[in-house]
Amino acid sequence: MFFVLPASITAEGLHIVIPLYVLFLGGNVVDVGIVIGLHYALSAIGAVFWGKVIDKYHIKRAILFICFSAITICSIGLFLTIDLNLVFIISSVAGFFIIGKNPVTQVLVMESVSNNQWSKLFTQISIITSLGSLTAFLVGSIWDTFFDLRPYFLFCAMVSVIATVLSISVGSKSIIERHTIVHSIYGIRHIFDHTRLNFQFIFTKIPHPHDFKPIISIFQRKMSHEIGILFLTNFLFYFGSNIYFTAFIPFLKKFDFTNSEVFLVYMIQTLVLLTMFFFVPRLISRLTEERATQISYLPRVLGIIIAASLIPNMVGMDSLWMAIISSGLMVSAFSIFSVSNSIIIFKAIPKGFEGTYLGVNSFMTGVGIFLGALTAGYVSNAIGYSVAFAIAVSIILSSLVMFRIYLKYKLSHRII
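For what it's worth, our numbering labels the leading residue of the sequence shown as 8, then goes sequentially.
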């Protein structure tokens with residue numbers, strides 16, 4: 008697990024500093040939307056590619072070494088360039104390699120301990136990842152006091168070198184196919200539980216047109232399986248949520264937040280996420296997954312409303328506190344939704360079709376993230392942030408409506 012901490016520091020650091028750097032070079036919110044959209048689009052492609060590589064060749068150490076080396080090169084390249092178009096390209100390439108460690112980490116967990124210990128080890132991985140995020144944001148929050156923004160890429164490069172060196176110690180153990188993870192509720196929960204910014208895609212099977220039958224049947228006024236509604240629920244949830252996350256940094260910079268304050272907001276956000284990680288399983292066990300999922304929509308909507316209505320009317324520490332409250336509510340909601348919803352999906356998947364349905368869910372999630380990034384950029388620039396946030400709220404509420412339809416169908420067992 009030694010490589011997990013520096014890998015997380017680099018990944019989370021890049022996810023914040025790249026949008027800030029785009030704005031530093033004179034870009035606007037449209038450019039931020041494009042760079043984030045391309046980054047996650049290439050991450051989705053990378054998830055398919057690296058998953059297939061590890062399934063076929065079982066070369067975990069080589070994948071880690073290649074990915075961390077490439078991230079190091081990308082970080083240095085971002086430091087050296089002041090061309091916005093090159094930033095788009097390098098950020099996209101970085102997204103392709105950043106995702107590579109995820110399937111490797113999941114397989115390593117399954118190879119290292121017996122399946123009744125997977126939950127414990129996945130929990131440890133998640134905690135270490137959160138500590139990496141905190142480290143990246145803590146360094147960023149004090150960076151602006153002593154340095155310009157660009158050298159932060161060198162910090163990311165140095166940490167990535169450490170991850171590269173530590174990955175050499177990863178050995179080869181018994182061969183376990185990556186799709187084995189779909190039989191573990193602990194593995195599924197891990198995949199969906201830590202996806203605030205570094206969205207983890209899992210494609211155990213590349214979706215084919217026929218695999219989208221559960222979704223298509225809904226629009227034909229019939230339904231072969233209610234899981235299609237869950238796919239649409241997740242699509243809308245990630246679509247609306249990523250409108251907020253994409254627009255949030257340019258929105259804060261518009262109201263004169265310093266780079267240090269932006270990093271500070273995300274550092275506190277990560278602390279909230281880490282704290283919620285310990286309470287969410289207990290909360291879900293008391294409320295049931297269905298109730299917890301519905302409750303999670305309230306703080307997410309409130310977080311967006313607070314950002315849109317209060318931050319523009321405040322200055323100084325007041326606006327900083329509103330930003331912290333807004334982002335804290337967003338990740339609190341997400342920590343509940345991601346765990347409860349992933350359990351619901353796992354239970355809804357017909358036995359023997361885990362790979363197929365998770366592949367479709369990954370595709371729908373990725374499309375939602377991509378469209379959210381582009382929508383945030385173009386709407387915020389053309390009309391305004393308030394309209395973008397309003398659209399985000401309406402889409403998230405549409406997700407809640409879809410989930411309510413799912414519950415109604417599940418209880419009634421009637422074809423709609």
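Ideal placement from N, C-alpha and C gives every residue a C-beta, glycine not left out.
Separation of residue 75 and residue 100 (C-alpha to C-alpha, rounded to the nearest whole angstrom) is 12 Å.
Around the CB of residue 110, 16 or more other CB atoms lie within 10 Å, so the residue is classed as buried.
Looking only at 91, 53, 61, 65, the smallest Cα-Cα distance to residue 77 is reached by 53. Rounded to whole angstroms, the gap between the alpha carbons of residue 35 and residue 250 is 15 Å. In this structure, residue 306 keeps its C-beta atom at 9 Å or more from the C-beta atom of residue 345. Under the three-state reduction of DSSP, residue 321 is assigned to coil, being neither helix nor strand. Between residue 243 and residue 347, the gap from beta carbon to beta carbon reaches 9 Å or more.
Pairing residue 273 with residue 123, the inter-Cα distance amounts to about 34 Å. In the structure shown, residue 46 adopts helical secondary structure according to DSSP, grouped into three states. Per DSSP, the unbroken alpha helix (DSSP H) holding residue 274 starts and ends at 266-294.
About 17 Å separates the Cβ atoms of residue 83 and residue 14, ruling out a contact at the 8 Å cut-off. CA-to-CA, the gap between residue 308 and residue 63 works out to about 43 Å.
Taken in chain order, the unbroken stretches of alpha helix (DSSP H) that lie wholly in the stretch 125-183 and span 4 residues or more are 125-153, 159-174. Note on geometry: alpha-carbon atoms of residue 328 and residue 241 lie some 30 Å from one another.
Residue 136 and residue 365 have their C-alpha atoms roughly 23 Å apart. By the Cβ rule, the stretch 140-160 counts as touching the stretch 275-289, because three or more pairs are nearer than 8 Å. The three-state secondary structure of residue 371, taken from DSSP, is helix. Judged by beta-carbon spacing, residue 156 lies beyond the 9 Å limit of residue 108, meaning their Cβ atoms are not closer than that value. Taken through DSSP and simplified to helix, strand or coil, residue 8 comes out as coil.
Around the beta carbon of residue 38, a 10 Å sphere encloses 16 or more other beta carbons of the protein chains shown; the residue is thus reported as buried.
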